[in-house]
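Accompanying notes for the structure given below.
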Amino acid sequence: MVHFLREKLRLTGTHIGCDTTHCGACTVLVEGIPVKSCTMLAVQADGQQVTTVEALAASGTLHPIQAAFKQEHGLQCGFCTPGMMLTSIALLQEKPDPTEDDIRWALSGNICRCTGYMNIVKAVKSAAVQMKTAAATPEAATAAARS
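-8 is the number of the first residue of the sequence shown in the working numbering; add one for each residue after it.
So, in structure tokens, the structure goes:
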């Protein structure tokens, strides 16, 4: 599916890292579940909702996970970031108030070769707070995304 997304649909935010499921750079959400798209044929996703990183700010406003990665400097080169963000979104939908261990476990299938993961974990924690705030007050979500 990763080649279909990148070459046919021109959704190049989904990266090809290892092409063997080890790095997580190609992670997308299929029906809300993180899937390494290098292991799935596009036809297997037929009729299912596939979310790529491009969908996160489709309205022009950063998604809380994007805003948090920006605020907490949760990236360096950025190659792993789309997969990290989508995996984090799935975690936060399942566990709105994750522990550091929950975050590290959820991201254990995503490799970052640049960071020590500390700022990535901080970004996910920050996004959890922003997403809870957004659920309570939509105005706060807009303000958080703009910062």
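Glycine included, C-beta positions come from ideal geometry on N, C-alpha and C. Since the model is a prediction, treat every value here as computed from it, not as a measurement.
Same chain, Cβ closer than 7 Å to residue i, neighbours up to 5 away in sequence not counted
i	result
K123	P87
L66	F60 and T72
V110	Residue 110 is actually Asn in this sequence, not Val. Result list for N110: E63, H64 and G65, in chain order.
L0	none
Q39	V21 and E22
Beta-carbon contacts of residue i that lie in its chain and below 8 Å, excluding the five residues immediately before and after
i	result
T78	G15, T18, P25, A97, L98, G100 and N101
E(-2)	none
L83	I56, P89, V115, A118, A119 and M122
Cutoff 6 Å; reference residue i; Cβ partners in own chain excluding five residues on either side
i	result
D37	none
K113	E63
Cβ of residue i within 7 Å of any chain C Cβ
i	result
V112	The question asks about chain C, but that chain is absent: this structure has only one protein chain.
Coil, strand or helix - residue i by DSSP
i	result
K27	strand
T18	strand
T52	coil
Integer Cβ distance of residue i from residue j, believed to fall under 8 Å
i	j	result
V21	T5	At roughly 12 Å, the Cβ-Cβ gap does not stay under 8 Å, so V21 and T5 are not in contact.
_Unbroken stretches of the alpha helix (DSSP H), 4 residues or longer, contained in the segment 94 to 130_ = As far as the segment 94 to 130 is concerned, its whole alpha helix (DSSP H) runs of at least 4 residues are 109 to 127.
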